[in-house]
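First to last, the sequence lines map onto chains A and B. Counting with the UniProt record's numbering, you get residues 1 to 457 for the letters of the first sequence. Counting with the UniProt record's numbering, you get residues 1 to 457 for the letters of the second sequence.
There are 2 protein chains.
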Amino acid sequence: MRILTSLCLTLFVGFSAIAQQDSLFIKRMSDEIMTNGKAYDLLYELTKKIGGRLAGSPQQQQAAVWGKRNLELLGADRVFLQACKSPNWKRGGTDFAAIVGVQGEARIQPLAALALGNSMGSNGMIEAEVLAVANFDELEKRKDEVKGKIVYFHSAFDETKIQTFRAYGESGAYRRSGASRAAKYGALGIMIHSLSTAPDNAPHTGSMVYDEAYPKIPAVALGPNDAKMLYALAKKSQVKVQLQTYGQFLPDVNDQNVVAELKGSVFPDQYITLGGHLDSWDVNEGAHDDGAGVVHTMEVLRVLKALNYKPKRTIRFVLFANEENGVRGGNEYANQAKLNNENHILALESDEGGFTPRSIGMTASKEAFKKFQSWSSLLKPYGCEVTFGGSGTDIGPLAKVNPSTVIAGLVPDSQRYFDLHHAKTDVFENVNKRELLLGAINIAAIIYLVDQYGVKP
Amino acid sequence: MRILTSLCLTLFVGFSAIAQQDSLFIKRMSDEIMTNGKAYDLLYELTKKIGGRLAGSPQQQQAAVWGKRNLELLGADRVFLQACKSPNWKRGGTDFAAIVGVQGEARIQPLAALALGNSMGSNGMIEAEVLAVANFDELEKRKDEVKGKIVYFHSAFDETKIQTFRAYGESGAYRRSGASRAAKYGALGIMIHSLSTAPDNAPHTGSMVYDEAYPKIPAVALGPNDAKMLYALAKKSQVKVQLQTYGQFLPDVNDQNVVAELKGSVFPDQYITLGGHLDSWDVNEGAHDDGAGVVHTMEVLRVLKALNYKPKRTIRFVLFANEENGVRGGNEYANQAKLNNENHILALESDEGGFTPRSIGMTASKEAFKKFQSWSSLLKPYGCEVTFGGSGTDIGPLAKVNPSTVIAGLVPDSQRYFDLHHAKTDVFENVNKRELLLGAINIAAIIYLVDQYGVKP
Numbered sequence: 001m002r003i004l005t006s007l008c009l010t011l012f013v014g015f016s017a018i019a020q021q022d023s024l025f026i027k028r029m030s031d032e033i034m035t036n037g038k039a040y041d042l043l044y045e046l047t048k049k050i051g052g053r054l055a056g057s058p059q060q061q062q063a064a065v066w067g068k069r070n071l072e073l074l075g076a077d078r079v080f081l082q083a084c085k086s087p088n089w090k091r092g093g094t095d096f097a098a099i100v101g102v103q104g105e106a107r108i109q110p111l112a113a114l115a116l117g118n119s120m121g122s123n124g125m126i127e128a129e130v131l132a133v134a135n136f137d138e139l140e141k142r143k144d145e146v147k148g149k150i151v152y153f154h155s156a157f158d159e160t161k162i163q164t165f166r167a168y169g170e171s172g173a174y175r176r177s178g179a180s181r182a183a184k185y186g187a188l189g190i191m192i193h194s195l196s197t198a199p200d201n202a203p204h205t206g207s208m209v210y211d212e213a214y215p216k217i218p219a220v221a222l223g224p225n226d227a228k229m230l231y232a233l234a235k236k237s238q239v240k241v242q243l244q245t246y247g248q249f250l251p252d253v254n255d256q257n258v259v260a261e262l263k264g265s266v267f268p269d270q271y272i273t274l275g276g277h278l279d280s281w282d283v284n285e286g287a288h289d290d291g292a293g294v295v296h297t298m299e300v301l302r303v304l305k306a307l308n309y310k311p312k313r314t315i316r317f318v319l320f321a322n323e324e325n326g327v328r329g330g331n332e333y334a335n336q337a338k339l340n341n342e343n344h345i346l347a348l349e350s351d352e353g354g355f356t357p358r359s360i361g362m363t364a365s366k367e368a369f370k371k372f373q374s375w376s377s378l379l380k381p382y383g384c385e386v387t388f389g390g391s392g393t394d395i396g397p398l399a400k401v402n403p404s405t406v407i408a409g410l411v412p413d414s415q416r417y418f419d420l421h422h423a424k425t426d427v428f429e430n431v432n433k434r435e436l437l438l439g440a441i442n443i444a445a446i447i448y449l450v451d452q453y454g455v456k457p
Numbered sequence: 001m002r003i004l005t006s007l008c009l010t011l012f013v014g015f016s017a018i019a020q021q022d023s024l025f026i027k028r029m030s031d032e033i034m035t036n037g038k039a040y041d042l043l044y045e046l047t048k049k050i051g052g053r054l055a056g057s058p059q060q061q062q063a064a065v066w067g068k069r070n071l072e073l074l075g076a077d078r079v080f081l082q083a084c085k086s087p088n089w090k091r092g093g094t095d096f097a098a099i100v101g102v103q104g105e106a107r108i109q110p111l112a113a114l115a116l117g118n119s120m121g122s123n124g125m126i127e128a129e130v131l132a133v134a135n136f137d138e139l140e141k142r143k144d145e146v147k148g149k150i151v152y153f154h155s156a157f158d159e160t161k162i163q164t165f166r167a168y169g170e171s172g173a174y175r176r177s178g179a180s181r182a183a184k185y186g187a188l189g190i191m192i193h194s195l196s197t198a199p200d201n202a203p204h205t206g207s208m209v210y211d212e213a214y215p216k217i218p219a220v221a222l223g224p225n226d227a228k229m230l231y232a233l234a235k236k237s238q239v240k241v242q243l244q245t246y247g248q249f250l251p252d253v254n255d256q257n258v259v260a261e262l263k264g265s266v267f268p269d270q271y272i273t274l275g276g277h278l279d280s281w282d283v284n285e286g287a288h289d290d291g292a293g294v295v296h297t298m299e300v301l302r303v304l305k306a307l308n309y310k311p312k313r314t315i316r317f318v319l320f321a322n323e324e325n326g327v328r329g330g331n332e333y334a335n336q337a338k339l340n341n342e343n344h345i346l347a348l349e350s351d352e353g354g355f356t357p358r359s360i361g362m363t364a365s366k367e368a369f370k371k372f373q374s375w376s377s378l379l380k381p382y383g384c385e386v387t388f389g390g391s392g393t394d395i396g397p398l399a400k401v402n403p404s405t406v407i408a409g410l411v412p413d414s415q416r417y418f419d420l421h422h423a424k425t426d427v428f429e430n431v432n433k434r435e436l437l438l439g440a441i442n443i444a445a446i447i448y449l450v451d452q453y454g455v456k457p
């Protein structure tokens, strides 16, 4: 009994000493980031000096050059590029939508509209009656009325969902596949309610995909206020609208992931990846999406170097190419990992904005998750905990080629994200310095803990 | 054993059924608030149609009229006023500060400056050398150098403190008592670093108090960028500055708390108070401080009426007068409670902004706190938990006259609060609708739970 007590005490003291040492190191990282953090200044450069960074734009190339240079300056052991081909979608003009008649009478009322990413131009002005439907179910019920019309999907968020990403998940289906679902029944174009939580009228673009079986009709998102007005009007009256868009694909372009590495001193063949994506949409500065993830990644490298930390495992800092309308960068990263037979133990992405972090979401086995969850107390002073289920679009392909990789994501407070996601309001001014830095602290903490203790239960 | 098991099972099932019923009612409140909430629209009226509301200003009176009318429209059983006298401090002019010489050579460099609330005017332009000190310790060490100078206190926040209210607590001493501490040794005026977290140059005002034993010298807060520049300069060079302010007190004015009530059906003599304060500083719209608390309070009344909730206990919805530079409203509320021998079981204030709520802080006995803490799981879906230690300036006096009252406060995320607190940037545009509504949901939930189950352990 005495021996057992003594053993327990030793274990406990041992564990406490480790926990205390970890707690102290995380505090040092936090102090260094809050005092000397460069994430905010780097974000200023990326958003204000470079700007929007759609794949195929000169800015995306400039951003890659900027990223490579800065990762080198921050003192990575090596920085390299992973070449890929990215799609080259161009908006091609100023999208136009307007109400031009109500119940057969002329009325001109412009609508705030943005063509969805990857959608094709309208080939001139389209004029047609609106068929307004609440959802796909109503579309199917009224499929005989669709032909020759412009379908409006009332894809407004379910505001009662406290986690806005859940509402986005539901409404997102209309942006992604609404066009082909309507084209199947002869629609000439579609309009959706922007995937937005904002009490304003800014339209939000974002990626869509055509089903090759049907005509590639134009697709736009309307500003929330205009969308609600149109929906109410079209539910009780015949409404005629005009629509013109200019989208087109030029040939794929040369693109690249920018990868920095700190070589592991004990387990160099175990890789820990963290990253964000360099590209953005064309209508904004991509400050939260995903400038924040890019500078989070760079800040973690900076703080590890500033504190002269020597990782046990190899840590990769990745600025992914082309997340928004192709995921070509994420796919290439997974391809290379497979080709080189790399053992990735953890991949973490920051792609939900630079808001106050609430948790690190981790997708892992039940046993491994228990271990991660025990780290929650170490994150608590920085406002975070470890929750189950994290991911990121760019690290998804890695999880497919290497199912044992623990996939994780920074989970910031989600209330403001869809106010500005893919809208012109996603600019530097809407990022808060302390909130941004806090994200970097929590990512740095989890990367440090995985580097120290691995991912085995 | 069987009986015990059976008893436990009954208790457990009983508890579960209650918890489920509570969870459902809170969800109904949440859905109602997120769908039909009026807090954001009311805040627009208060900030944009009325504006800044310093005690003694016409706007503070307009706000009281507006508050009373709206609380009546929302269906309170009764709405009444509690008269008080508030101080009538006037800024009196456009505060001025500038560097006018460095090392004896003329140089003109204006400094962003705001006189501190309650500070007296300079009686014309003061020109003097700056004595820059890091803190009170340095002031004491260098007291012989103070006479005839303008003292600058480098009261910048400790940025490493993740909870910004802690940094505010430390730096706040310089705003409150810096002037008299320096006047004691013959200073002609003081300047402080604004109590700000923002990476900008907006000066932040706020309340100060003179020690009657010393001359009432002028006191200003400098914009953070200018303050840092001045501090660095004055540490290595002789710097001369000019300072002019115009503050004065006019005779006290008639003011009032606006109080709405829902009468309890079972324990009408047990009072639950929630509130925020109607007044603000003169330089902004008082949107977060404390428009948010005012409309939180009104929204809770609205949702209880919308769901036809009949409280067991008497619930008071209080819009306090004059928090900022006198706490006359809070004192009067406590006086009336004492005079009328009211039994206040809970008082909760929302006065830390309209940001995403992180917890409800509750100050209570250990035993009572255990009970409150068990409600955390009911708040979790709305992003909150119950934490120990909540308060509010306006409910502090009530706690003094009635020490058994549980004192609570909404604790929103604190990262952005001191970016705009008491600065011109505290305007409606910087309040997020969903974050604001989430605050109301969590307050409503805790008020409902206390109404249902009281505060006894």
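By construction, the Cβ of each residue, glycine as well, lies at the ideal position given by its N, Cα and C atoms.
Check	Outcome
Burial state of residue 299 of chain B (16 or more Cβ within 10 Å)	buried
Interface flag, residue 229 of chain A vs chain B, CB-CB below 9 Å	no
Closest by C-alpha distance to residue 35 of chain B, when choosing among B:211, B:306, B:248 and B:154	B:306
Close Cβ partners of residue 389 of chain B (< 8 Å) along its chain, the five nearest in sequence each way excluded	361, 362 and 363
Nearest neighbour of residue 234 of chain A, chosen from A:329, A:43 and A:102 [CA to CA]	A:102
Chain A contact for residue 198 of chain B (CB, 9 Å cutoff)	yes
Host beta strand (DSSP E) of residue 362 of chain A (start-end)	357 to 363
Contact set between residue 57 of chain B and chain A, taken where Cβ atoms lie within less than 7 Å	Per Cβ cutoff of 7 Å: no residues; residue 57 of chain B is ~29 Å from chain A at best.
Anticipated Cβ contact below 8 Å, residue 31 of chain A with residue 160 of chain B, distance rounded	4 Å
Residues in the segment 27 to 54 of chain B having any Cβ partner in chain A nearer than 8 Å	30, 31, 34, 35 and 40
Residues of the segment 378 to 395 of chain A whose Cβ lies closer than 7 Å to any Cβ of chain B, in chain order	381, 382 and 383
Cross-chain neighbours of residue 438 of chain B in chain A, by beta carbon under 8 Å	162 and 415
Neighbouring residues, chain B, relative to residue 285 of chain A (Cβ below 8 Å)	Under the 8 Å cutoff, chain B gives no residues; its nearest Cβ is about 17 Å from residue 285 of chain A.
Residue environment, residue 140 of chain B, which counts as buried when at least 16 other CB atoms sit within 10 Å	exposed
Buried or exposed by the 16-neighbour rule on C-beta atoms within 10 Å, applied to residue 110 of chain A	exposed
8 Å contact criterion, which residue 202 of chain B and residue 112 of chain B should meet: CB distance rounded	7 Å
Test item: CB-CB of residue 188 of chain A and residue 228 of chain A under 9 Å	no
Status (buried if at least 16 other CB within 10 Å, exposed otherwise) for residue 365 of chain B	exposed
The beta strand (DSSP E) enclosing residue 375 of chain B, as first and last residue numbers	Segment: none, residue 375 of chain B is in no beta strand (DSSP E) and carries neither H nor E.
Residue 144 of chain B classed as buried or exposed, judged by whether at least 16 other C-beta atoms fall within 10 angstroms	exposed
Between the CA atoms of residue 346 of chain B and residue 456 of chain B - distance to the nearest angstrom	11 Å
Proximity test, Cβ basis, 9 Å: residue 433 of chain B and chain A	yes
Whole-Å CB distance - residue 355 of chain B paired with residue 313 of chain B, under 8 Å assumed	At roughly 29 Å, the Cβ-Cβ gap does not stay under 8 Å, so residue 355 of chain B and residue 313 of chain B are not in contact.
Interface positions of the segment 339 to 356 of chain B facing chain A (Cβ-Cβ less than 8 Å), listed along the chain	356
Of the residues A:193, A:342 and A:142, the one placed nearest residue 157 of chain A, counting alpha carbons only	A:193
Rounded straight-line distance, which links the Cα of residue 379 of chain A to that of residue 247 of chain B	46 Å
Closer than 7 Å at the beta carbon, the chain A residues around residue 159 of chain B	34 and 35
Cβ-Cβ distance between residue 51 of chain A and residue 117 of chain A below 9 Å	no
Residue 458 of chain A at chain B interface by Cβ criterion, 9 Å	An answer regarding residue 458 of chain A cannot be provided, because it is not within the stretch 1 to 457 covered by chain A.
Residue 142 of chain A versus residue 438 of chain B: straight-line alpha-carbon distance, rounded	38 Å
Own chain, CB closer than 7 Å to residue 172 of chain B, minus 5 neighbours either side, in chain order	195
Cβ distance (whole Å) where residue 328 of chain B is taken to contact residue 84 of chain B below 8 Å	5 Å
Own chain residues within Cβ distance below 7 Å of residue 256 of chain B, not counting five before or after	64, 81, 82, 83, 84 and 321
Residue-level contact to chain B via CB, residue 419 of chain A, 9 Å cutoff	yes
Nearest residue (CA-CA) to residue 274 of chain B, options B:350, B:209, B:221 and B:309	B:350
Proximity to residue 215 of chain A [Cα-Cα], best of A:154, A:147 and A:226	A:147
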